[in-house]
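Asks: Here you go, one structure.
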Amino acid sequence: MTIWTTPAREFLEQRLNGHRGRLAADGAEAEEVMADLRDHVMQEAVAQGLTVVTEADVRRLLARVEPTLLEESSPGGGDVRTVRLTDPEPPTLPTGLSNPSRSALARYGVELLLAVLGVVLPIGTILFEWTSRLSAQELLDPIPTPFHGILLLLVPAVYALGLWFRSRAPRRVPAFYPWSLALALGVSGAYAVAFAPIYPWALVGIIVFGLGLIPLTPLIAWIVGWILWREARKAAVAQHQPWPRRAWVVSWMTALALGVAALPDVLTEHLIRVAIDAESPGERSQSVQRLRSWGDPDVLLRACYGRRRALWDDLLGRPQLTPERVQTVYFQVTGRPFNAVRPPLNQHWGVGRQVLSDFEWDVSLGGEAVAGQVSGLSLRSSRLDGQASVPDGWEYVEWTLEFQNDHDGRQREARAEIQLPPGGVVSRVTLWVHGEEREAAFAGRGETRAAYQQVAVAQRRDPILVTTSGPDRVLMQCFPIEPRGGTMKVRLGITAPLLPVGGGELRYVWPRFTERNFRIDPGLEHHVWLEGGMPAARVPSGWSADAQRPEVLRSVLPQSVVSEGFAPVPFQVSGEKPTSAWALDDRSSPARWIRQTLVDGPSVSEGRLAIVLDGGVQGSEAWESTMKVLGATAARGDLRVYVAHDGVHRVAEVLEGPFRAATNQMARSVGASLVFEGGQDPIPALEAAWQWASETPRGRVLWIHGPLPVLVGNTAALTQSIDRVGDRGTVLMDFEVHPGPNLLMRDLGSRESVVIWPRVAGLEEDLQRCVDQLGGIRRGREWLREAFTEAPGVKATGSRHLVRLWVRDHIRKLTAERRVAEAVEWAGRWQLVTPVSGAVVLETRAQYAEAGLKPVDPLTTPQVVPEPQTWMLMVVGVALLFWTGRRRG
Amino acid sequence: MTDFFDNWVVQVRKGIIELCILRTLAVRERYGYELVKELSEVPGLGLTEGTLYPLLSRLRVAGLVSTRLEESASGPARKYYALTPEGRRTLKTMNAYIETMHQSAQNVGGES
């Protein structure tokens, strides 16, 4: 064991430091050479068996090892001129700084600068980004996961540690430090590369505006890290501390790992752009296919909400992608409407910041699209009051909905597309204004929408608008629902025929949401009450009949149970006596008598049947059911089965044979080339099917599909074919697997040859009924409504709802004959929402007057209690006059 | 004459020492102290520790030698020097050159 005295150590250091400049002059690293010489002198001392090394020993050893070290070097350092050391003189400062206080000051300044740039700036930037989400929304998200956040915080932490080690003497670092420093360098390096494209703009920002340091932070941090690395390594070499040779591998691996982690994000962004912008359809289709395999659904969903970090597009001079176009791609990739899933939160396991909360800015306000769910808006209560007359064959339901907006600062518009009972029509719209019920004005579609937009969007007062949205569907929108707990309560009254399903059974079908922009808590309870006039044939699960009045059914149904819709309630009518009812149209002049009769539907067996199946993810279930149904049916004739999947696939054909023969052909095509994936464009397959089916009279196209929230292709050719089919009687039957938006039907809308198949049971049961009916082996039942100008021999005791249903049919006929003004007049007289008319509730009389509208008299609206007939109103009026007269007398 | 010879020796020795270092390390890696002791015994080389370490540092900076540290029971950690692949290639070139130079010098002497 050799002990060095302090003077000996100091003398050696003084000699070595004094020659630092000369040692570095010929290309060697001064620190290293000094360390080697120090080491050598120490080894010499050991070799000579010295137990205590004094200053004199050092002089002696240096004289032997390197005599020039005993000479004093010139102040210039590197000059070979030397003088023999006679008297000890103060050593020359290694850096050439002659003033020790200035040197210390400079050194302190450097340390301070490193601390500011390497520790304070990164921490400040991380906190700024965490709270503002600026980069996450405009450029790239530097903290997509909590793990990224920890890695980023590691950088200033390691640098702070490094600066602390530098301040200590000697500068010894623990063994873990090189590895952690390498990790920090890898992290800052990866982010420096990621932000590199924006540096020119950041520099311009700094020079011109004095702003822009934040994007440069990763680069600055990397430079500070590199300085710390270099210095620490030198110090370690100087002190013969081991420095891991492969530490830099950690740097590269960290940067690589971060790059790989970001790859799905970058790749998805790129593929979205190709899927939209590529010129060739093949390239676009291929990109969609790749997105299905490798795309990040969260990135895709963010882009659907317009969160694409569009700044890159600006910087790179690319055209921006609109959310609507990305929503189309989302459907093609996932097969679901983008607003059917919860907006991306960017949180992992509930930890981390909420980068993209919900839909903050509602771009569809006042528009005709339901669009994405907006934050804070939810359904607070739901109440359905139903009424039916089974012998007369009509139903009426009032759906009262109350919306609540819990957003901190934004007013919200509630929008929902509602599927009506088959053949139904909205006949009453009510809005509660300051606790009072206000009835709607019914007028032309354009007039009501203009009034709504003026009052809702411009004046921000309380209106509600209801318009049709395709066959048997309406769009309801109300605005504004005030923030911080504001509510808005509305009521829709819907008149519809009871649905005949055969075997003397009529079903009471409820309305349901197909699309909405508000949240419904799974635990929200729908309070349902139905007075059918007679006991139900079967009481649906979860319902109960009143003990005293068995014709009354009640239920409280949680949303989780009715997410696919409320269960229809069946009623049985006598099969012997045909159901027929008369009602008086006393609002028209001259008056009309309306008769509704349940009759057999037309026979449809002679035409061709083309089935078009959805080739998207939603079609897989329908494919199985169709195979079973075709295998079980006794129907015969000409049948073709098409699948809409990246174009048209004809998977089966039967000519003048049993439909069940198609199942073997269908089974062969699955797995070979047919995979149900994404969302598919049905238009090419429907065109092919329509073309084939319409070659013979009374051809039928049965389109079985999931929700179609976007139209990928162009409908022009299909609508032309449907419009020009002439009197061949071809029918397109729309069969929905699950409730959801259907833009094609919205386009095809009110055409006579387009029919919606009512879904009232399970998929297979409904499909079996549909195929049997279209195959001609089951005769459907339907309502026939007729108008007479002569009074019938029987008393017209039927409800006005029958008149409303006839008027609905009549308006459709008038519209087909292009007698729109007449149709609007009928709709206004009978207060109906039809393809040509809408309903709007405004807040004040002045608003109605300004819009040229008149709200309906509350006494003329339908309600769940029996409507007063005109004669009854007159009796009540006379009685009142008599009573008041007697009181005065 | 003596000054001229001294200067000539300095110039010749400078290149030769680097060649000797590389040749020594070509056999096997050595730690600094060991290398100095070995080379200082080479007659005519006149090598001191003060000369060797800057040369080793310069060779390392040039990428011709690599270093590694190994703990020593008897004193400070030993710094081992080894030839890099680049060092081996350079040594080969230097050997060929010195051989040629030597032959040429011999031939020139023979002709005179």
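These protein sequences, in sequence, are chains A and B.
For the first sequence, the numbering used here assigns the number 488 to the initial residue and increments by one for each residue that follows.
For the second sequence, the numbering used here assigns the number 723 to the initial residue and increments by one for each residue that follows.
We treat Cβ as the ideally placed atom computed from N, Cα and C, and that holds for glycine.
At the level of alpha carbons, what is the spacing between arginine 496 of chain A and alanine 522 of chain A?
Replies: 13 Å
Asks: Go through the stretch 1327 to 1356 of chain A residue by residue and report every complete run of the beta strand (DSSP E) that reaches 3 residues or more, in order.
Replies: none
Asks: Starting from lysine 801 of chain B, follow the beta strand (DSSP E) in both directions and report where the run begins and ends.
Replies: Lysine 801 of chain B -> beta strand (DSSP E) spans 800 to 805.
Asks: Taking the beta carbon of leucine 648 of chain A as the centre, do at least 16 other beta carbons fall within 10 Å, making it buried, or is it exposed?
Replies: Here leucine 648 of chain A is buried. Its C-beta has 16 or more other C-beta atoms within 10 Å.
Asks: Leaving out the 5 sequence neighbours to the left and right, which residues in its chain are closer than 7 Å to valine 1116 of chain A when beta-carbon positions are compared?
Replies: Glu1251, Leu1254, Gln1255, Val1258
Asks: Taking DSSP as the reference, what is the three-state secondary structure of arginine 571 of chain A?
Replies: Any reading at arginine 571 of chain A is ruled out, since the residue's pLDDT is 34, under 50, leaving its predicted position unreliable.
Asks: Taking the runs of the alpha helix (DSSP H) that are 4 residues or longer, which of them lie wholly in the stretch 869 to 945 of chain A?
Replies: 932 to 939
Asks: Quick check on the DSSP output: the alpha helix (DSSP H) that includes arginine 1082 of chain A runs from which residue to which?
Replies: Premise fails: arginine 1082 of chain A lies in the beta strand (DSSP E), 1079 to 1087, not in any alpha helix (DSSP H).
Asks: Check the DSSP bridge columns for glutamine 964 of chain A and list the partner residues they point to.
Replies: A:Arg902, A:Leu952
Asks: Whole-angstrom Cβ separation of leucine 985 of chain A and arginine 994 of chain A, contact assumed at under 8 Å?
Replies: 7 Å
Asks: Taking only the alpha-carbon atoms, compute the straight-line gap between tyrosine 1335 of chain A and valine 1157 of chain A and give it to the nearest angstrom.
Replies: Taking the straight line from one Cα to the other gives about 59 Å.
Asks: Suppose the cutoff is 7 Å on Cβ atoms and the five residues either side in sequence are ignored; what does the same chain contact list for arginine 932 of chain A look like?
Replies: Thr954, Val1323, Ser1324, Gly1325
Asks: Which partner residues of glutamine 1059 of chain A appear in the DSSP bridge assignment?
Replies: A:Glu992
Asks: Any chance the stretch 737 to 750 of chain B sits against the stretch 802 to 811 of chain B, with 3 or more Cβ pairs inside 8 Å?
Replies: Yes, they touch.
Asks: Considering tyrosine 1129 of chain A, what are the terminal residues of the beta strand (DSSP E) in which it resides?
Replies: 1123 to 1131
Asks: Between asparagine 892 of chain A and glycine 859 of chain A, how many whole angstroms is the CB-CB distance? I'm expecting something under 8 Å.
Replies: In fact, because the Cβ distance is near 16 Å, the residues do not count as touching under 8 Å.
Asks: What is the rounded straight-line gap between the Cα of glycine 991 of chain A and the Cα of isoleucine 968 of chain A?
Replies: 46 Å
Asks: Rounded to whole angstroms, how far is the Cβ of leucine 1011 of chain A from the Cβ of proline 1045 of chain A, which I believe are closer than 8 Å?
Replies: About 7 Å separates the two Cβ atoms, so the contact holds.
Asks: Helix, strand or coil: how does DSSP classify asparagine 1201 of chain A here?
Replies: coil
Asks: For serine 762 of chain B, return the contacting residues in chain A, with the cut-off set at a CB-CB distance below 8 Å.
Replies: The contacting residues do not exist; serine 762 of chain B stays about 10 Å from chain A at best.
Asks: Go through its chain and collect everything with a Cβ distance to glycine 563 of chain A's Cβ below 6 Å, but skip five positions before and after it.
Replies: Because glycine 563 of chain A carries a pLDDT of 43, less than 50, the predicted location of this residue cannot be relied on, and the following value inherits that uncertainty. Excluding positions up to five away in sequence, the list is empty.
Asks: Consult DSSP for threonine 1276 of chain A and reduce its assignment to one of helix, strand or coil.
Replies: coil
Asks: Can you give me the C-alpha to C-alpha distance between arginine 526 of chain A and phenylalanine 615 of chain A, rounded to a whole angstrom?
Replies: The sequence given here places aspartate at residue 526 of chain A; arginine does not occur at that position. When rounded, the distance between both Cα atoms is 49 Å.
Asks: Quick one: using the 10 Å Cβ neighbour count with 16 as the cut-off for buried, is histidine 921 of chain A buried or exposed?
Replies: exposed
Asks: So is methionine 823 of chain B buried or exposed if we call it buried at 16+ other beta carbons inside 10 Å?
Replies: exposed
Asks: In whole angstroms, give me the CA-to-CA distance for threonine 579 of chain A and arginine 507 of chain A.
Replies: Any reading at threonine 579 of chain A is ruled out, since the residue's pLDDT is 34, under 50, leaving its predicted position unreliable.
Asks: Taking valine 552 of chain A as the reference, give the member of B:Val731, B:Glu756, B:Asn729, B:Glu771 with the closest Cα.
Replies: B:Glu771
Asks: On the CB-based measure, 16 or more other CB atoms within 10 Å of its CB, does asparagine 826 of chain A come out buried or exposed?
Replies: buried
Asks: Check whether the Cβ of tyrosine 775 of chain B lies closer than 8 Å to any Cβ atom in chain A.
Replies: Taking Cβ atoms only, chain A reaches closer than 8 Å to tyrosine 775 of chain B, which makes this a yes.
Asks: Going by alpha carbons, who is nearest to valine 1084 of chain A out of A:Trp1069, A:Arg1041, A:Pro1009, A:Pro1077?
Replies: The sequence shown places threonine at residue 1084 of chain A, not valine. Checking every option, the nearest Cα to that of threonine 1084 of chain A belongs to A:Trp1069.
Asks: Let me check you understand the geometry: is the CB of arginine 1238 of chain A closer than 7 Å to at least one non-hydrogen atom of the ligand ATP?
Replies: Ligands in the displayed structure: none, and consequently the ligand ATP is not present.
Asks: Just checking, does the stretch 1218 to 1232 of chain A make contact with the stretch 1098 to 1109 of chain A on the three C-beta pairs under 8 Å criterion?
Replies: yes
Asks: Against glycine 514 of chain A, what residues of chain B qualify as contacts under a CB-to-CB distance less than 7 Å, listed in chain order?
Replies: Arg780, Val783
Asks: With 8 Å set as the bound, which would you pick, yes or no: does the beta-carbon of valine 645 of chain A sit closer than that to a beta-carbon of chain B?
Replies: no
Asks: For valine 1043 of chain A, is the classification buried or exposed, using 16 other Cβ atoms within 10 angstroms of its Cβ as the cut-off for buried?
Replies: exposed
Asks: Please classify valine 731 of chain B: does DSSP put it in a helix, a strand, or coil?
Replies: helix
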